[in-house]
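In my numbering, the protein residues as written are 16 to 176.
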């Protein structure tokens, strides 16, 4: 059965793609959940037009993000954090922390949802992190987590409340 995907479906494809799927998968899962529609000639034509529009939009998005990607590629971001026993951090370094530091270093406002962390960072060290600016532009930056200096911790404790 040929279907046109209306939404991105993990393991199958992205919205607007025409896919050949098993009859049962299409009838029992994709169609009832509104994830796809049966591929009629008019729907195929509309899907093709949407695909061309998406390609044009993607090209303009890539053109606008190229400078940002070049700035981020290979950038080393150092984040200072408090540590406890066995070099484990108090808390964790999140994509939000990385986005703030990138903003401070480069002036580029990066949405934290575009930063791809496999898992939160809980230890000191160097980590390679991808930033998905667009589907095709994925620069990698280096995140270096170091211990916060003792003087800074002492000042933070000494501040009156």
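We treat Cβ as the ideally placed atom computed from N, Cα and C, and that holds for glycine.
Source: prediction; values computed, not measured.
{"Item": "How about residue 144 and residue 108: are their beta carbons less than 7 Å apart?", "Value": "no"}
{"Item": "Would residue 164 pass as a contact of residue 87 if the rule is Cβ separation under 7 Å?", "Value": "no"}
{"Item": "Do the segment 127–141 and the segment 57–66 touch if we need at least three Cβ pairs shorter than 8 Å?", "Value": "no"}
{"Item": "Between the beta-carbon of residue 50 and the beta-carbon of residue 22, is there less than 7 Å?", "Value": "yes"}
{"Item": "If residue 85 and residue 149 are in contact, beta carbons under 8 Å, what's the gap, nearest whole angstrom?", "Value": "14 Å between Cβ atoms; not a contact."}
{"Item": "For residue 138, list the residues DSSP reports as bridge partners.", "Value": "103"}
{"Item": "Taking the runs of the alpha helix (DSSP H) that are 4 residues or longer, which of them lie wholly in the segment 75–119?", "Value": "none"}
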